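In the UniProt record's numbering, the protein residues as written are 1 to 82.
Notes follow the structure.
Next comes the structure, spelled out in structure tokens:
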């Protein structure tokens, strides 16, 4: 238990809430705007995201993520040419 949670528990006798009160939006369009989905046919895979984000922290000629993006770009260009 962190110090802030301990101080809250000692003062109130209950566990400190880690999230705030639930806010209810009155407008439906606000909920739709915040709910983002990828375009139809696009699937985001966690393993792919990790592979793209990982790599050496120093500026290398081409990190693993950059190589994946370049390969995907070449694939898109070749599919458009067909």
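In this text, a Cβ means the ideal position worked out from N, Cα and C, and glycines have one as well.
Since the structure is predicted, the reported quantities are computational estimates derived from the model, not experimental observations.
From residue 43 to residue 78, what distance separates their C-alpha atoms?
-> Cα-Cα distance, rounded: 21 Å.
What are the boundary residues of the alpha helix (DSSP H) that residue 70 is part of?
-> Taken as a continuous stretch (DSSP letters only), the alpha helix (DSSP H) holding residue 70 covers 64-81.
What is the DSSP secondary structure of residue 15, counted as helix, strand or coil?
-> The answer is coil: DSSP assigns residue 15 none of H, G, I, E or B.
Please list, in chain order, all residues of the same chain as residue 72 whose beta carbon is under 6 Å from its beta carbon, the five residues on each side excluded.
-> Same-chain partners within the cutoff: there are none.
Determine the extent of the alpha helix (DSSP H) in which residue 52 is found, giving its start and end residues.
-> Residue 52: member of the alpha helix (DSSP H) spanning 46-53, first to last residue.
For residue 51 and residue 69, the rounded distance between their alpha carbons | If you take the alpha carbons of residue 69 and residue 51, they lie about 11 Å apart.
Would you mind stating whether residue 65 and residue 53 have Cβ atoms separated by less than 8 Å?
-> Residue 53 sits close to residue 65, with the two beta carbons spaced by under 8 Å.
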